[in-house]
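To start, the structure itself, in structure tokens.
Protein chains: 2
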Amino acid sequence: MHPGLADRWNRHCDSIERALLASLPECGDCPPRLREAMEYSLMAGGKRLRPVLTLFACEACGGTAAEAIPAACALEMVHTYSLIHDDLPAMDDDDLRRGRPTNHKQFGEALAILAGDALLTRAFEIVAAGVRPADVAAACCADLAAAAGAAGMVGGQVADLEAEDLAPSGDQDVDGRHLVAIHRRKTGALIACAASLGGRVAGINEETRLSLAAFGRNVGLAFQIADDLLDRTGDRDRMGKGVGKDAALGKLTYPGLYGVEESRRKAAALVDAACSAVEPLGPAGEPLTALARFVLERDH
Amino acid sequence: MHPGLADRWNRHCDSIERALLASLPECGDCPPRLREAMEYSLMAGGKRLRPVLTLFACEACGGTAAEAIPAACALEMVHTYSLIHDDLPAMDDDDLRRGRPTNHKQFGEALAILAGDALLTRAFEIVAAGVRPADVAAACCADLAAAAGAAGMVGGQVADLEAEDLAPSGDQDVDGRHLVAIHRRKTGALIACAASLGGRVAGINEETRLSLAAFGRNVGLAFQIADDLLDRTGDRDRMGKGVGKDAALGKLTYPGLYGVEESRRKAAALVDAACSAVEPLGPAGEPLTALARFVLERDH
């Protein structure tokens, strides 16, 4: 990572970690074990790509990182809930996440489902009560719900599960369109929303917001390709989860469909498209372009 | 049910059913099978207590039923998602709901979890995008999230699951407080929110909103006692689900703790308290008091 980007990223990560911890429900009406299960997954580390992107987008549009913190925390909560539910035995049935037992391995299935539900719900509470003015809060809630819901992330997860039951068609164009359709929703929609919410908080116009969303969609797809490549070529210890699992499941992936080299080329083209989308922001957009380029270099 | 109440309830139910159907995601980006699973549980009928209460509360405060429809639909979606997740094998493991197979029996566990997630998410989208003005929308989202989340409905479900592993203390006061603490969150918080949101949409002041919430909390607890009584004394065909299950599980219930007669008396006292809370609304509040009294008479 570029040293300037790394400094900025780490600084933002620290504020996000503190705000996430503070945003968990107080014990009192919340059963302690539920809070523990929520905290276990929410505070498990990770790159915090989505909330960092929200802060970068807000700053690139003239806002401050501080005012984007509630939206940033909400994005990370929605992302965390989706990981908890995706790991469940009925879904991807994963035992390991970020080098630790998955939530249901640690707390049991019932509590894992409910901790996910509570994180999703808390995300909307934080945006609705923490983003100001209120019309921006309402717009952010609507955006976040659209990105996370049936036509967004949840829809993408359903499409991904359905794809497991289908043999690839063998036609590269058909399978490629199918793959994009899955990941545009499963990963892309929430990353696009992370950028868009940062802009909304800064009070930008609709044209700039659409540019930020386009940036996020392209970064999101590039990120997914990088993820597929890491599953193919990555190192289990560094990843903190099983690798080679997609191939073992016969899952449709970018390297499976296009090979490693062509997948890398596609990811680079998406990053270029992302950078073009935020060109109108000028030098203020540089942290965003640096973040996009970093997606290509990530090794875990 | 009082004929005047029944007419009004049925008329509102019709609008709610139409609005719920229209509020499901369009096919397009939403996988058809996901929409089907959402619709299966959302359109399974039932009394629609929560959304009808929202409409009644809005009208009692000088608003129109039409303007409360988005909030009403959101309440029913949150309630439906909670039933889908509560029925899962990892939770209550129920096969039957309203006389039909539960969502996971019909669609499989993965899709049932995701359909619940999508309904919860959609509820916030509908409030954020459908309630106006925007500051009321943001306040409604925050209220709904607080009622549905870790310190509300989800917290109550966790407490209820934890209580299954505990033998009752044998001290009626201790067990009684524990029971109230569970149901205040598990059932009461969302019913209180249904009343409160109806008032918010009508633009009431905070004092009246708190009265409506107190009304809803008391109705919610009375409703839960009625539910426990029906599980004890109800008729399986009419209920559309297994009865006697709580007792079989050794679960703490009102009739188990206080006996049938004393439980009926407690429910009646709660309904009286609910009616007192909305007395300041005058004759405009009559549908609310009729609804509260109906809770005592329900037989399914």
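The listed protein sequences correspond, in order, to chains D and B.
Using the working numbering, you'd call the opening residue of the first sequence number 171 and step up by one each time.
Using the working numbering, you'd call the opening residue of the second sequence number 171 and step up by one each time.
Think of the CB as a built atom: it goes at the ideal place given N, C-alpha and C, for glycine as much as any other residue.
These numbers were taken from a predicted model, which means no experiment stands behind them.
| query | result |
| --- | --- |
| Taking Ile-283 of chain B as the query, report the chain D residues whose CB atoms sit under 9 Å from its CB, ordered along the chain. | His-255, Leu-258, Ala-260, Met-261, Ile-283 and Gly-286 |
| Please tell me whether Ala-242 of chain D and Ala-372 of chain D are closer than 9 Å, where the distance is taken between their beta carbons. | no |
| May I ask you to list the residues that DSSP assigns as paired with Cys-200 of chain D? | D:Cys-197 |
| Rounded to whole angstroms, what is the Cα-Cα separation between Leu-331 of chain D and Ala-288 of chain B? | 15 Å |
| Run through DSSP, which three-state label would Arg-268 of chain D get? | coil |
| Leaving out five residues before and five after Val-465 of chain B in sequence, what residues of the same chain have Cβ atoms less than 7 Å from its Cβ? | Val-389, Ala-392, Phe-393, Ala-396 and Val-441 |
| Counting pairs of beta carbons, one from the region 330-344 of chain B and one from the region 291-309 of chain B, are three or more of them closer than 8 Å? | no |
| Within the 9 Å Cβ cut-off, does Tyr-428 of chain B reach chain D? | no |
| Whole angstroms is fine: what's the gap from Arg-379 of chain B's alpha carbon to Ile-296 of chain D's? | 21 Å |
| Apart from the five residues on each side of it in sequence, which residues of its chain come closer than 6 Å, Cβ to Cβ, to Ile-352 of chain D? | Gly-326, Ala-329 and Asp-330 |
| Which residue wins for smallest C-alpha separation from Leu-223 of chain D, given the options D:Glu-377, D:Leu-175, D:Ala-443 and D:Ala-307? | D:Leu-175 |
| Where does Met-213 of chain B land, buried or exposed, given buried means 16+ other C-beta within 10 angstroms? | exposed |
| Measuring CB atoms only, is the region 361-370 of chain D touching the region 313-322 of chain D, in the sense that at least three cross pairs come out at less than 8 Å? | yes |
| Listing by chain order, which chain B residues have their CB less than 7 Å from the CB of Phe-294 of chain D? | Phe-294, Cys-311 and Ala-315 |
| Along the chain, which unbroken stretches of the alpha helix (DSSP H) at least 4 residues long are found entirely within the region 213-300 of chain D? | 219-230, 235-257, 273-277 and 279-300 |
| Which value, in whole angstroms, describes the spacing of the CA atoms of Leu-382 of chain B and Gly-426 of chain D? | 58 Å |
| Kindly give me the distance between the Cβ atoms of Val-248 of chain B and Leu-290 of chain B, rounded to whole angstroms, as I take these residues to be in contact under 8 Å. | 6 Å |
| What is the rounded straight-line gap between the Cα of Leu-461 of chain B and the Cα of Asp-257 of chain B? | 27 Å |
| What does the alpha-carbon distance come out to for the pair Met-208 of chain B and Pro-453 of chain B? | 38 Å |
| What is the rounded straight-line gap between the Cα of Pro-259 of chain B and the Cα of Ala-282 of chain B? | 11 Å |
| Please check if any C-beta of chain D sits within less than 9 Å of the C-beta of Pro-201 of chain B. | yes |
| Between Gly-346 of chain B and Ala-359 of chain B, what straight-line distance do the alpha-carbon atoms span, to the nearest angstrom? | 18 Å |
| Can you give the beta carbon distance from Asp-199 of chain D to Arg-355 of chain B, rounded, assuming they're within the 8 Å contact cut? | 6 Å |
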